[in-house]
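So for the sequence shown, our numbering puts the first residue at 4; every next one is plus one.
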Amino acid sequence: MDNNQVETTINLNDLIMLLWKNIVLIIAVTVIFTISTLLISKYLMSEKYESNTLINVLKNVEYDDSSNNSDIFRYGTELAKRYNIVADSATVVGLVQDKLEKENISLSKKEIRNSFKVSSVNDTDFLKIVITYPNPEISQKIAQTITEISKIEYENVYDNALVKVIDKADEGIKVGPNIRLNTIIGFILGLMVSIGFVLLKEFLDRTIRDDKDVEKYLGLPILGSIPSLDKKRNK
């Protein structure tokens with residue numbers, strides 16, 4: 004047990020000495036990764052703005068139908084999936100695209116589809132339509148248009164449903180990029196890469212440098228050694 008403890012201590016000391024010997028490389032790589040991530044986040048990554056609307060899906064009291072169709076409005080997760088399918092349909096996306104073009108906002112159907120998601124609030128029949136786009140005004144316009152058109156189409160598909168808009172879309176607020184978080188991630192990544200490189204380099208290096216390496220790699224006892232001579236002192 005004592006031998007294992009001594010071996011563990013020696014290995015830990017060797018590891019610390021190895022990292023200290025390569026401290027300049029570790030610092031340099033970490034700094035490069037950190038600065039690169041900072042610059043990319045600040046100058047190359049596009050800004051993102053988020054606008055959202057809150058809606059409530061209810062059973063239309065004008066219908067007396069008490070069949071299982073009304074049960075679909077009790078479960079938020081399934082309701083959100085169902086509403087998202089309608090909102091993501093070619094019909095809705097096409098109508099949204101046409102209306103936005105009338106307001107001089109030209110977006111492809113793919114851009115519209117990638118800009119929004121529908122999620123349930125605490126697994127209830129309250130749904131949030133969230134729009135993410137590089138422009139705050141356009142994100143608001145997309146949110147308003149998708150909510151308006153998807154509401155109509157959803158009520159057409161489920162004639163016993165009533166969609167109420169609780170919160171209208173406001174101008175988008177900035178949500179990205181998170182420069183501080185990205186910089187921290189770059190620092191951690193640079194540290195991990197640099198330390199990993201040093202350890203891998205040491206692991207692959209089988210050069211015998213001293214008596215300890217002979218015993219370690221060859222398993223042979225050392226009977227004696229010839230010290231190296233300083234040629235300068237002999238001149």
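All residues carry an ideal CB built from backbone N, CA and C; glycine is no exception.
Bridge-paired residues (DSSP) for residue i
i, result
"residue 179", "51"
"residue 18", "Looking at the DSSP assignment, residue 18 forms no beta bridge with any residue, so it has no partner."
"residue 163", "DSSP output for residue 163 lists no bridge partner at all."
"residue 121", "132"
"residue 310", "No information on residue 310 is available, as it lies outside the stretch 4 to 238 that the chain covers here."
"residue 204", "None; residue 204 has no bridge partner."
"residue 62", "164"
Residue i versus residue j - alpha carbon distance
i, j, result
"residue 61", "residue 52", "30 Å"
"residue 73", "residue 157", "Bear in mind that a pLDDT of 48 at residue 73, under 50, signals an unreliable position, so the number given afterwards is only what the model happens to contain. Using only the alpha carbons, I get a separation of about 14 Å."
"residue 70", "residue 80", "Residue confidence for residue 70 is low, a pLDDT of 49 falling below 50, so the modelled location carries little weight; the figure read from the coordinates is stated next. C-alpha separation (whole angstroms): 20 Å."
"residue 174", "residue 86", "23 Å"
"residue 27", "residue 197", "10 Å"
"residue 145", "residue 88", "17 Å"
"residue 34", "residue 200", "15 Å"
"residue 130", "residue 98", "21 Å"
"residue 17", "residue 191", "23 Å"
"residue 41", "residue 50", "14 Å"
"residue 63", "residue 128", "14 Å"
"residue 148", "residue 159", "17 Å"
"residue 19", "residue 183", "30 Å"
"residue 7", "residue 25", "Note that residue 7 scores a pLDDT of 48, beneath 50, so its modelled location is shaky; the value from the coordinates is reported in the next line. Approximately 27 Å, taken between the alpha carbons."
"residue 162", "residue 48", "44 Å"
"residue 206", "residue 224", "23 Å"
"residue 116", "residue 126", "23 Å"
"residue 32", "residue 102", "51 Å"
"residue 95", "residue 155", "9 Å"
"residue 208", "residue 124", "56 Å"
"residue 204", "residue 100", "56 Å"
Buried/exposed call for residue i, threshold 16 Cβ in 10 Å
i, result
"residue 136", "buried"
"residue 111", "exposed"
"residue 1", "Since the first and last residues shown for the chain are 4 and 238, residue 1 lies out of range."
"residue 109", "exposed"
"residue 193", "buried"
"residue 113", "exposed"
"residue 178", "exposed"
Top-ranked residue by Cα proximity to residue i, from the options
i, options, result
"residue 195", "17, 37 and 63", "37"
"residue 55", "150, 138, 111 and 109", "150"
"residue 188", "22, 39 and 18", "39"
"residue 176", "129, 134, 105 and 18", "134"
"residue 141", "131, 106 and 21", "106"
"residue 46", "125, 192 and 181", "181"
"residue 22", "202, 207 and 32", "202"
"residue 171", "162, 165, 94 and 143", "143"
"residue 132", "169, 207 and 179", "169"
Cβ distance (whole Å) where residue i is taken to contact residue j below 8 Å
i, j, result
"residue 167", "residue 30", "With 8 Å as the limit, residue 167 and residue 30 do not qualify as a contact, their Cβ atoms being about 58 Å apart."
"residue 122", "residue 83", "6 Å"
"residue 185", "residue 44", "4 Å"
"residue 90", "residue 153", "4 Å"
Near the ligand COA: residue i beta-carbon under 6 Å from a heavy atom
i, result
"residue 112", "The model depicted lacks the ligand COA and carries no ligand whatsoever."
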